[in-house]
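Heads up: the sequence lines are chains A and B, in that order. Each residue of the first sequence is one higher than the one before, counting from 4 in this note's numbering. Each residue of the second sequence is one higher than the one before, counting from 42 in this note's numbering. A short write-up of the structure that comes next.
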Amino acid sequence: MMNKKGLGSLLLSTMICGSLLSACGGNSNTSSTDSASGEAKPKPAEIVFALPSFNRIPDDLSKVTDAINAITTEKIGVKVDFRLFGPADYAQKVNLALQSGEKMDVFTTLGQFSNYVSKSQVAPLEELLPEHGKELTAILEKDFGADILKTTTMDGHVYGIPVNKGMALPTNFIYNADMLSQAGVAADGIQSVEDLSNVFAAVKEKLPDVVPFGPISVNPTETGIVNWMKGASKVDYLTDTTGVGVVIGDSGKVVNFYETDVFQKGIQMMRDWYDAGYLQKDTATTTITAMEMISSGRGFSFLGGYSGMEVGKQLSAQVGKNIETKRIAPFYFDTSAVNSVTWMVSSTSKQTEAAVKFLNLLYTDKDLINTILFGIEGEDYVKVDDHHVKFPDGLDANTVPYTAMLSSGIVGSESLQYQLEGINWSDVELKLKENKDTARSPYFGFIFDQGEVKTQISAVNNVVSQYLPALVSGSVDPGEIIPKFVSALKDAGAQAIIDSKQKQLDEWLAAQK
Amino acid sequence: MTARRKSPAKPLKKTLPLLLLAAPGLLYFLINSYFPMFGVFIAFKDVNYAKGIFGSDWIGLKNFTFLFQTSDAWIMTRNTLLYNLVFIALGTVVSILIAILMSELLTKLYSKLFMTGLILPNLISMIVLSLLVFAFLNADSGFVNHSILRPLGLPEINWYSEPKYWPYLLVLIQLWKTAGYGSIVYFASIAGIDKSIYESAKIDGAGKLKQIRMITLPLLKPTVIVLVLMSMGRIFNSDFGLFYQVPMNSGALFSTTQTIDTYVYRALMQLNDIGMSAAAGLYQSVVGFALVLTVNAIVKKVNPENALF
Numbered sequence: 004m005m006n007k008k009g010l011g012s013l014l015l016s017t018m019i020c021g022s023l024l025s026a027c028g029g030n031s032n033t034s035s036t037d038s039a040s041g042e043a044k045p046k047p048a049e050i051v052f053a054l055p056s057f058n059r060i061p062d063d064l065s066k067v068t069d070a071i072n073a074i075t076t077e078k079i080g081v082k083v084d085f086r087l088f089g090p091a092d093y094a095q096k097v098n099l100a101l102q103s104g105e106k107m108d109v110f111t112t113l114g115q116f117s118n119y120v121s122k123s124q125v126a127p128l129e130e131l132l133p134e135h136g137k138e139l140t141a142i143l144e145k146d147f148g149a150d151i152l153k154t155t156t157m158d159g160h161v162y163g164i165p166v167n168k169g170m171a172l173p174t175n176f177i178y179n180a181d182m183l184s185q186a187g188v189a190a191d192g193i194q195s196v197e198d199l200s201n202v203f204a205a206v207k208e209k210l211p212d213v214v215p216f217g218p219i220s221v222n223p224t225e226t227g228i229v230n231w232m233k234g235a236s237k238v239d240y241l242t243d244t245t246g247v248g249v250v251i252g253d254s255g256k257v258v259n260f261y262e263t264d265v266f267q268k269g270i271q272m273m274r275d276w277y278d279a280g281y282l283q284k285d286t287a288t289t290t291i292t293a294m295e296m297i298s299s300g301r302g303f304s305f306l307g308g309y310s311g312m313e314v315g316k317q318l319s320a321q322v323g324k325n326i327e328t329k330r331i332a333p334f335y336f337d338t339s340a341v342n343s344v345t346w347m348v349s350s351t352s353k354q355t356e357a358a359v360k361f362l363n364l365l366y367t368d369k370d371l372i373n374t375i376l377f378g379i380e381g382e383d384y385v386k387v388d389d390h391h392v393k394f395p396d397g398l399d400a401n402t403v404p405y406t407a408m409l410s411s412g413i414v415g416s417e418s419l420q421y422q423l424e425g426i427n428w429s430d431v432e433l434k435l436k437e438n439k440d441t442a443r444s445p446y447f448g449f450i451f452d453q454g455e456v457k458t459q460i461s462a463v464n465n466v467v468s469q470y471l472p473a474l475v476s477g478s479v480d481p482g483e484i485i486p487k488f489v490s491a492l493k494d495a496g497a498q499a500i501i502d503s504k505q506k507q508l509d510e511w512l513a514a515q516k
Numbered sequence: 042m043t044a045r046r047k048s049p050a051k052p053l054k055k056t057l058p059l060l061l062l063a064a065p066g067l068l069y070f071l072i073n074s075y076f077p078m079f080g081v082f083i084a085f086k087d088v089n090y091a092k093g094i095f096g097s098d099w100i101g102l103k104n105f106t107f108l109f110q111t112s113d114a115w116i117m118t119r120n121t122l123l124y125n126l127v128f129i130a131l132g133t134v135v136s137i138l139i140a141i142l143m144s145e146l147l148t149k150l151y152s153k154l155f156m157t158g159l160i161l162p163n164l165i166s167m168i169v170l171s172l173l174v175f176a177f178l179n180a181d182s183g184f185v186n187h188s189i190l191r192p193l194g195l196p197e198i199n200w201y202s203e204p205k206y207w208p209y210l211l212v213l214i215q216l217w218k219t220a221g222y223g224s225i226v227y228f229a230s231i232a233g234i235d236k237s238i239y240e241s242a243k244i245d246g247a248g249k250l251k252q253i254r255m256i257t258l259p260l261l262k263p264t265v266i267v268l269v270l271m272s273m274g275r276i277f278n279s280d281f282g283l284f285y286q287v288p289m290n291s292g293a294l295f296s297t298t299q300t301i302d303t304y305v306y307r308a309l310m311q312l313n314d315i316g317m318s319a320a321a322g323l324y325q326s327v328v329g330f331a332l333v334l335t336v337n338a339i340v341k342k343v344n345p346e347n348a349l350f
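Dropping the structure here:
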């Protein structure tokens, strides 16, 4: 009760402060609530901020929205209309708002960067950043290196702000450690993907009811297997997700990934595992994720990309099993690795200045970012120390009123975010260090403009979704299906995409010198 | 004076209740079907949000080309057309059958009860239905594999990667879902047939089957023609839920489950290009419109009374 009262008065005072502050700040949106003093003061600028949440979405966001506004109105004179959508709805909801002209100011890309840019749906920020986003730029350059904003620059305009988090996601082998020891295999022996066959064989022998391996998801763009191939063989997808125009290593030659040895070998490996019975029969169509399999005790392992070394602990807490991870392939930084999670400002926004101020605060204000992720202190979380929080007594991730902390990887600066109790803080530092140290593609910063081949890309997308899931899950014979796949891609116009990409890449390379 | 004032008011007074009755329907069509027509030109534009829809560049028929880009173009057109033809043909037959059985065999109370049961599938969402189907056909624990094929010692079937079964499955599912609902109109028309015709037929010694063949079916003909004509207009559209959700978007099944709608969805998921999706929609509508006109013309030739317009 006391708490609520306190919050109320705090809110009131900050609102007043905020409106005073904003009097000298940005132009206001016309919304009419009469101010207490009766004077006509400019209201705080209002922006809509849409965040995808990977957790349960609470029915009532008003408390958290109020808490966010308390911070933003005071500090930057911006009022935030906070929207929270599930990951599946997010892109759709944002696109709908953009297309219908509904207010939508700050949103994240979820892998669609060049798409938004090519349709002029996002506002160029390079003029606003030096004034309103100074700190933000400085932080990104400090943690990533000076060329970070190149990944979100097209035709000389900066269109997005990458998230400052561990972006290097080495491929991890994620497994149930209890089952591994039951099978009598030592974890130290697992160093590369070649070691896995023996592990699976041992698990299958000792635990015949357990499915040894599950692909994380067969959605063509985000399989553990495809990411493993990209990391292990230095494949740069060159910013689209189709995979028909990639460069391997530093050859500079754009090729169709599905025709390369790297792809064929990787798929053959999956086929061998499938034939050996390490995978479920219906992997290509199943709706049950590998994580669910593991938490129900029926699954043993999967491949996933995670930064840092502490992910096993987080996963253990989530699935209620003893989960450990082993890095089995490095990460390879290409442009999309950075710009796939990028914050953007809508080109229809009337409040671009306020939006950039808000973004700046997201990267610099500890209170704001943690309110967005963890909710209200005392109700949704309690602090343990400077960096760590835990759920209030008697509550857990499922019963706490508000939590979006699984979305921590997509918003703001990771170094400002609280971690759940038990997570080693040095891991955050390690992640940021790895951002700088991880091998980068020589084409880092190149962005493919899909404009002239979008018909081909749409056709190719369809072919990929027809063949790739069955191939990466090993459920079809690669010797028979890959040639069919490749010829269907040719029909769909893959060559035009490759040519267009090669041309743009050559121009880009020439401009770099 | 009074007479002059009355005469123009009278028709309005007479038609006002009817107009009011029609108003919600008219409004619905106006808002949902006629106003959006202005958007048709989006199909010919390269939509650029900075320039706005009206300011974007015209690009002619370029947005349409992706529909015909691959060898899949033929497959999806064939699938869409054939499935819809089968749905229309079988759906009509089964619906009429249900309607006749309902009207012939049961008392009023029973027919109401059965009708409700038959309509129920229509109310189930395709997503739920897809899970029901999945429960039957799942490779490991599905009912068919687990409880029928396995105990019988028959080889199990991996339903979601065998395209050859899906034409039958989809037709079956569609019939299960829509036939009951479709029978309502026929049921109503049968109820509207003058009972004295049947009485006199009975006196002349006609059995049940003969009555159905000679009286019910011929009198249903106009209804059938109108309904078939209407469904012709949507022959290039398909139930997205049925063709996308029910086969669980399984790539291996595309040769028999891909229709224009699912193709457009898959192809444009990543691109999010409203110009191209508008083009696809326009294409479907124009072909549907042409088909309605053609079929109506044929009906008019054969039997002018039964034509729609």
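Quick reminder that beta carbons are idealized off the backbone N, C-alpha and C, glycines included. Remember, it's a predicted structure, so these values are computed and weren't measured experimentally.
C-alpha distance - residue i paired with residue j, whole-angstrom precision
i       : j       : result
I116(B) : A176(B) : 28 Å
F449(A) : T355(A) : 26 Å
I517(A) : R86(A)  : In the structure as shown, chain A begins at 4 and stops at 516. Residue 517(A) is therefore absent and cannot be evaluated.
K249(B) : L270(B) : 29 Å
L474(A) : I291(A) : 18 Å
A348(B) : P263(B) : 8 Å
L51(A)  : A94(A)  : Before going further, note that residue 51(A) is Val rather than Leu in the sequence given. Near 15 Å, if we compare the C-alpha coordinates of A94(A) and V51(A).
L261(B) : I160(B) : 21 Å
L142(B) : F155(B) : 11 Å
Y470(A) : N464(A) : 10 Å
L152(A) : T112(A) : 15 Å
T345(A) : K237(A) : 23 Å
S40(A)  : N167(A) : With a pLDDT of 44 at S40(A), under the threshold of 50, the predicted position of this residue should be treated as unreliable, though the coordinate-derived value follows. Going from the Cα of S40(A) to the Cα of N167(A) covers about 42 Å.
M296(A) : S184(A) : 19 Å
D280(B) : D302(B) : 8 Å
Per DSSP, cross-strand counterpart(s) of residue i
i       : result
M272(A) : Note: M272(A) sits in no beta bridge, so no partner.
N179(A) : I326(A)
W346(A) : T111(A) and I164(A)
P55(A)  : F88(A)
M157(A) : H160(A)
R191(B) : In the DSSP output, where bridge partners are listed per residue, R191(B) has none listed.
H391(A) : Q422(A)
R443(A) : F336(A)
L306(A) : F176(A)
A48(A)  : V81(A)
D239(A) : V250(A)
CB contact flag (residue i, residue j, <8 Å)
i       : j       : result
F334(A) : L282(A) : no
V125(A) : Y162(A) : yes
S97(B)  : I231(B) : no
G316(B) : A91(B)  : no
F336(A) : A73(A)  : no
P472(A) : G292(B) : yes
E49(A)  : K82(A)  : yes
A205(A) : G187(A) : yes
G148(A) : K434(A) : no
L365(A) : L371(A) : yes
M273(A) : S476(A) : yes
T121(B) : T298(B) : no
A319(B) : A462(A) : no
Contact belief for residue i with residue j at Cβ below 8 Å, rounded distance in angstroms
i       : j       : result
A40(B)  : K284(A) : Here chain B has residues from 42 to 350 only, and residue 40(B) is not among them.
V341(A) : V348(A) : Not quite, the Cβ-Cβ distance comes to about 18 Å (not below 8 Å), so this is no contact.
Q115(A) : D243(A) : About 10 Å; that fails the 8 Å criterion.
Contact between the segment 75-90 of chain A and the segment 378-395 of chain A: three or more CB pairs below 8 Å? no
Within 8 Å, do at least three Cβ pairs link the segment 213-222 of chain B to the segment 120-138 of chain B? yes
Between the segment 129-140 of chain A and the segment 99-107 of chain A, can you find at least three pairs of beta-carbon atoms closer than 8 Å? no
Stretch pair the segment 224-233 of chain A + the segment 300-310 of chain A: three plus CB contacts closer than 8 Å: yes
Below 8 Å, how does it come out for the segment 200-217 of chain B and the segment 235-254 of chain B: are there three or more Cβ pairs, yes or no? no
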